[in-house]
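Notes for the one structure printed next.
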Amino acid sequence: MAEWTADFTPASKRIAKVHREVTSRDPKHTADAPGTFIVVGENADHFGGITIAGLAWHRAAVAVSPRTDDTISVHAEFASRVIEDTATTSEVAELTESPDTDSRYAVRFGGLVHTFVGRQMLSRETAGMDITVVSDIPLGSGLGALHAADTALGLALLADDEEIDSAPLRTRIAEIASQSAKTFSPVPVLRARHSAALRGAEESVSVIDYSDGSLTQAPHPSRAGVAIFSVAAPSDESFADQAITEGRTLIDDACANFGVPSLRQLPEAVDRVVEWVDARRQVYGADSAPTPETARAWVTFSEAETQQAAAAAKALRSMRIDDFFAVLDQPLPTPGLSVPDQLIQLLELRGATAARPAAAGMSQAVLAYVPAEKASNAIADLIDDGLDVMDVQQGSAAKVLS
């Protein structure tokens with residue numbers, strides 16, 4: 006295999022031309038957004054804990070043009086994979102009332118248009134839309150290709166807003182993009198990806214603490230003299246472990262039962278959730294809730310990952326590099342999630358200072374931190390092993406292009 010590299014001409018320079026070729030029209034607006042890498046805390050994201058996310062150099066660009074009919078037409082190029090898809094606005098609207106999600110890309114992206122209309126951020130006269138996506142971030146790379154496309158689409162749709170670069174509007178766009186993706190796509194949403202892509206900064210990583218909704222910055226791990234790689238077996242598909250859906254459903258149901266926005270705000274959360282699922286199973290049957298052991302594992306894991314993210318942020322801010330990498334290498338007992346352990350072990354053999362899942366249960370890729378002086382040899386060895394490798398260089402926040 007080979008090293009994943011962006012096209013020589015970046016997506017931001019290709020997007021308008023591709024849109025014209027596909028639609029025979031000039032785009033109304035274009036925007037682009039960075040890929041994102043999760044330092045730690047990917048599953049604490051849904052729990053309401055702490056997540057640390059950085060920006061990658063590779064980007065996704067989006068162009069939009071309004072239509073007069075009710076068709077959402079999507080042409081998407083995710084690295085080498087080309088997708089053509091359509092849906093109607095009525096199909097998308099019906100899914101807001103359905104418990105099932107639709108895997109079509111036109112539904113995911115059309116859902117964001119629909120959600121913006123519902124939130125009165127786009128005119129209710131908005132009909133169909135031609136949407137073109139050109140992404141230098143491959144699906145399956147562990148760098149949030151779909152989240153980057155969501156983000157760029159949100160900016161392109163709202164490009165006429167004078168406050169498009171303001172923190173309040175970008176915070177709202179991130180929140181809406183995450184909610185929309187949760188409603189209209191079966192791919193697990195990582196809210197921190199949308200937030201970091203819109204509000205992150207170069208030469209730092211974003212620390213999102215859901216206890217108060219804050220997004221602050223910490224020094225970029227590359228300051229420790231390491232190169233960061235995303236490494237994966239060849240694939241051009243997004244990945245989602247069924248255990249993620251089950252764990253998130255447990256957390257959502259428990260929050261609703263206890264009347265809290267997140268279990269992090271529930272005192273003695275582990276014991277109380279275990280008691281609740283046990284009682285529910287006794288009353289409504291074994292199929293009504295996970296086993297008490299599963300519930301305990303999920304809440305314990307989410308709390309531990311939150312503590313791990315807090316420790317990583319503290320180590321980065323004080324530049325205690327050894328402590329930071331020790332935190333990343335700290336094993337956590339994932340509750341039934343599919344984790345690429347063999348790939349992690351291989352990366353450690355190839356000289357990585359630290360290696361961990363790019364997003365446990367949501368990606369089969371691994372993020373590796375390799376001493377900069379060993380980077381070239383490590384890449385060559387990994388390619389010889391038949392793996393796809395992507396150099397995760399520092400990126401910048403999402404922006405409107407035109």
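In the working numbering, the protein residues as written are 6 to 407. Cβ atoms here follow ideal geometry from the backbone N, Cα and C, with glycine treated the same way. For clarity, every value in this text was computed on a predicted model and none was experimentally measured.
Let's see if you can read the secondary structure: which residues bound the alpha helix (DSSP H) around Thr311? As a working mapping, residue 311 is identified with position 306 in the sequence shown. Element bounds for Thr311: 297-322.
What three-state label does DSSP hand Lys22 in the structure shown? The sequence position of residue 22 within the sequence shown is 17, counting from 1. Here Lys22 sits in helix by DSSP.
Tell me the DSSP secondary structure of Thr56 in three-state form. To locate residue 56, count along the sequence shown from 1; it is residue 51. Thr56 falls in the strand class under three-state DSSP.
Taking the beta strand (DSSP E) that Gly159 falls in, what are its first and last residues? As a first step, residue 159 must be located in the sequence shown, where it is residue number 154. Not the beta strand (DSSP E): Gly159 falls in the alpha helix (DSSP H), residues 150-162.
By Cβ distance, which residues of its chain are closer than 8 angstroms to Glu82, with the 5 residues on each side in sequence left out? The residue you call residue 82 lines up with position 77 of the sequence shown. Short of 8 angstroms from the beta carbon of Glu82, and not among the five residues preceding or following it, lie these beta carbons of its own chain, in chain order: Val23, Ile88, Val138, Val139, Ser140.
Selected residue, minimal CA-CA separation from Arg253, among Ser227, Met367, Pro173: Position 248 of the sequence shown holds residue 253. Cα-wise, what sits closest to Arg253 is Met367.
Among the residues of its own chain, which have a CB less than 8 angstroms from the CB of Gly53, if the five just before and after it don't count? As a working note, residue 53 is residue 48 in the sequence shown. Same-chain partners within the cutoff: Tyr215, Ser216, Pro266, Ser267, Leu268, Arg269, Gln270.
Give the secondary structure of Glu208 by DSSP, where H, G and I count as helix, E and B as strand, and everything else as coil. By one-based count along the sequence shown, residue 208 stands at place 203. Reduced to three states, the DSSP call for Glu208 is coil.
I'd like the list of long-range same chain contacts for Gly46, defined as Cβ closer than 6 angstroms, with 5 residues on each side in sequence excluded. By 1-based counting over the sequence shown, the position of residue 46 is 41. Its chain contains Ile55, Thr56, Ile57, Glu310, Ala314 as the residues whose beta carbon lies nearer than 6 angstroms to that of Gly46, once the 5 sequence neighbours on both sides are disregarded; these appear in chain order.
Please return the same chain residues whose Cβ sits closer than 7 angstroms to the Cβ of Gln399, not counting the five positions on each side in sequence. In the sequence shown, the residue the question calls residue 399 occupies position 394. Once the five neighbours on either side are set aside, the close Cβ partners of Gln399 are Leu60, Trp62, Glu207, Glu208, His225, Ser227.
Can you tell me which residues form a DSSP beta bridge with Phe234? For the purposes of this step, residue 234 is taken as the residue at position 229 of the sequence shown. Per DSSP, Ala373, Asp396.
Going by CA-CA distance only, name the one from Ala154, Asp390, Asn382, Val375 that's closest to Val397. Here the question's residue 397 lines up with position 392 in the sequence shown. Nearest of Ala154, Asp390, Asn382, Val375 to Val397, Cα basis: Val375.
Backbone CA spacing between Thr221 and Ser307 [nearest angstrom]: By 1-based counting over the sequence shown, the position of residue 221 is 216. By 1-based counting over the sequence shown, the position of residue 307 is 302. Here the alpha carbons of Ser307 and Thr221 stand approximately 21 angstroms from one another.
Please classify Gly391: is it buried, with 16 or more other beta-carbons within 10 angstroms of its beta-carbon, or exposed? Along the sequence shown, one-based indexing puts residue 391 at 386. The residue in question, Gly391, is exposed, as its Cβ has fewer than 16 Cβ neighbours within 10 Å.
Sufficient close CB pairs (3 or more, under 8 angstroms) joining the region 152-164 to the region 189-207: yes
With 16 other CB atoms within 10 Å as the buried threshold, where does Val332 fall? Along the sequence shown, read from residue 1 onward, the residue named residue 332 stands at position 327. Buried, by the Cβ-count rule.
Nearest neighbour of Ala300, chosen from Thr93, Gln369, Ala65, Cys260 [CA to CA]: Reading the sequence shown from its first residue, position 295 is the one you call residue 300. Closest by alpha carbon: Cys260.
Compute the beta-carbon to beta-carbon distance between Ala373 and Pro39, rounded to the nearest angstrom, for a pair I have assumed lies under 8 angstroms. Residue mapping note: residue 373 aligns to position 368 of the sequence shown, counting from 1. Residue mapping note: residue 39 aligns to position 34 of the sequence shown, counting from 1. No, Ala373 and Pro39 are not in contact; Cβ-Cβ is about 19 angstroms, not under 8 angstroms.
Over what stretch of residues does the alpha helix (DSSP H) that includes Gly40 continue unbroken? Your numbering for residue 40 matches position 35 in the sequence shown. No alpha helix (DSSP H) holds Gly40; the beta strand (DSSP E) holding it covers 34-45.
So, under 8 angstroms CB-CB, Leu5 and Trp303 are touching, yes? Tell me the CB distance rounded to an integer number of Å. This structure does not reach residue 5, given that the chain is present from 6 up to 407, and the question cannot be answered.
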